[in-house]
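If you're matching positions, the sequence shown starts at 47 in my numbering and goes up one per residue.
Note that the Cβ used here is the ideal one computed from N, Cα and C, for glycine as well.
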Amino acid sequence: MAEKTVSTNQIGLTRTDYRGEVSTLCPGCGHNTISVQIITACFEMNIPPEKIVKFSGIGCSSKSPTYFLSKSFGFNGLHGRMPSLALGAAFGDRQMKVVGVSGDGDTASIGIGQFKHLIRRNLPMVYIVENNGVYGLTKGQFSATAEMGLELKHQGMNPFMPIDIVKEALVGNASFVARSFAGDPKQVRELLKAALSHNGTSVIDIISPCVSFNDREDTLHSYQWGRQHEAPLHDISYVPTRRAIILDEFGEGSFKEVTLHDGSVVVLKKLEKEYDPTDKFQALKILEEGERDHYLVTGLIYVNPDQPSLYDFLNLTDEPLNRVKSDDLRPSPESLEAINQAMV
Ligand SMILES: Cc1ncc(C[n+]2csc(CCOP(=O)(O)OP(=O)(O)O)c2C)c(N)n1
Ligand code: SF4
Ligand SMILES: [Mg+2]
47 MAEKTVSTNQ IGLTRTDYRG EVSTLCPGCG HNTISVQIIT ACFEMNIPPE
97 KIVKFSGIGC SSKSPTYFLS KSFGFNGLHG RMPSLALGAA FGDRQMKVVG
147 VSGDGDTASI GIGQFKHLIR RNLPMVYIVE NNGVYGLTKG QFSATAEMGL
197 ELKHQGMNPF MPIDIVKEAL VGNASFVARS FAGDPKQVRE LLKAALSHNG
247 TSVIDIISPC VSFNDREDTL HSYQWGRQHE APLHDISYVP TRRAIILDEF
297 GEGSFKEVTL HDGSVVVLKK LEKEYDPTDK FQALKILEEG ERDHYLVTGL
347 IYVNPDQPSL YDFLNLTDEP LNRVKSDDLR PSPESLEAIN QAMV
């Protein structure tokens with residue numbers, strides 16, 4: 047293993063090794079901030095880029111995997127169909143880390159069915175929704191997460207109730223549900239790290255303002271509204287191993303720890319009130335309260351580190367299926383005969 051220096055991580059890579067192409071998104075777009083945090087999280091977690099495979103659908107958000115992790119594998123699929131692509135690929139090689147990037151249109155409008163079935167199956171992957179309340183790529187039509195009554199130039203007024211991605215994930219029995227805000231990069235980064243360590247689908251709904259079509263200060267997906275109304279549930283820090291936890295480093299206050307599948311730990315420092323992210327009832331209640339009282343609840347909203355993943359449900363071999371030798375895949379004539387005889 048290469049010596050750790052100031053500019054390289056524990057596997058000898060620099061931050062530049064995790065970068066992608068130069069972004070062609072609008073300057074100030076929330077999606078760009080999220081790409082930067084994905085780069086930082088993977089660099090700091092010492093993940094080899096070639097161990098990651100990126101998936102996306104269609105939208106400005108879905109273009110963004112081009113702007114991080116150039117050395118990783120990736121596939122830009124069809125609108126709303128990222129989950130089935132990711133599932134197929136992950137099945138082929140369970141040792142890859144799967145990172146999916148979607149938009150609110152891609153997930154909550156056209157892709158809601160695929161989204162719900164993915165989380166129900168609990169495929170190990172990070173599922174990021176870059177949520178701006180509009181279809182940015184096609185010039186700002188309302189998406190299914192736009193608030194009722196939102197008025198936008200050229201669009202008129204949105205008459206429909208919104209879909210809340212976090213609530214959909216929770217009622218769909220997701221095992222990891224978080225919400226963040228592109229204006230809070232540290233929280234985005236720490237949530238991404240925890241999500242990358244979770245054994246199941248990790249949904250992170252990130253309010254990611256579209257500065258071209260939906261950034262008026264009174265609208266719920268704008269920078270201004272987010273900054274003024276964000277109410278983090280806790281100060282969150284990801285720690286790679288339990289041994290590394292020195293609570294003194296995190297300052298005064300009370301803490302809650304959640305140990306993830308790979309032994310890493312999420313340390314949650316209490317802010318306003320006690321919050322237990324393993325309590326689904328409390329999770330639903332806090333979301334309803336946020337909606338009623340007009341604040342943006344962010345943080346690790348719910349996690350169940352012990353919920354079986356798709357690989358566990360199906361008892362998938364540890365050996366990735368794309369590397370199982372054909373002799374092991376193909377039953378011998380004797381074993382086929384034994385099966386046939388058993389059915390006589
Ligand atoms: C099957 C299909 N229907 C419609 C479109 C047109 N279309 C392209 S992107 C998009 C919406 C993207 O919105 P979102 O997922 O929120 O991404 P954003 O651009 O806001 O990041 C739509 C409707 C398409 N490409 N394919
Ligand atoms: S149109 Fe909106 S979502 Fe698309 S790149 Fe520009 S700011 Fe971002
Ligand atoms: Mg959008």
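If only uninterrupted alpha helix (DSSP H) runs of at least 4 residues are considered, those enclosed by the segment 66–113 are 76–90 and 106–109.
With a 10 Å radius around the Cβ and a threshold of 16 neighbouring Cβ atoms, F359 comes out exposed. Summarising the contact set, residues whose Cβ lies nearer than 5 Å to any heavy atom of ligand 2 are, in chain order, L71, C72, C75, C106, G182, C256, V257 and S258.
Distances from the CB of N178 to the heavy atoms of ligand 1 include at least one below 6 Å. Fewer than three Cβ pairs drawn from the segment 221–237 and the segment 180–187 lie within less than 8 Å of each other, which leaves the two stretches out of contact.
If you draw a 10 Å sphere on the C-beta of R225, you find 16 or more other C-beta atoms in it, and that means buried. When DSSP states are grouped into helix, strand and coil, Y341 belongs to the coil group. According to the DSSP secondary-structure assignment, T60 is paired through a beta bridge with T54. Two segments are said to touch when three or more pairs of C-beta atoms, one from each, lie closer than 8 Å; by this definition the segment 296–305 does not touch the segment 111–121. Between Y348 and L216, the CB-CB gap stays under 7 Å. M207 is not bridged by DSSP to any residue. Scanning Q201, A384 and R140 for the CA closest to the CA of E365 turns up R140. Shown here for N260: same chain residues with a beta carbon closer than 6 Å to its own, the five before and five after excluded, namely N178, G179, V180 and H267 in chain order. Inclusion of S108 and D150 in the CB contact set at 7 Å is not warranted, their separation being larger than that value.
Judged by beta-carbon spacing, F89 lies beyond the 7 Å limit of L131, meaning their Cβ atoms are not closer than that value. By the criterion of a C-beta distance shorter than 6 Å, Y173 is surrounded in its chain by G146, T247 and V249, once the five residues flanking it on both sides are discounted. Under the criterion of beta carbons closer than 8 Å, G159 and G103 do not qualify as touching, at roughly 13 Å.
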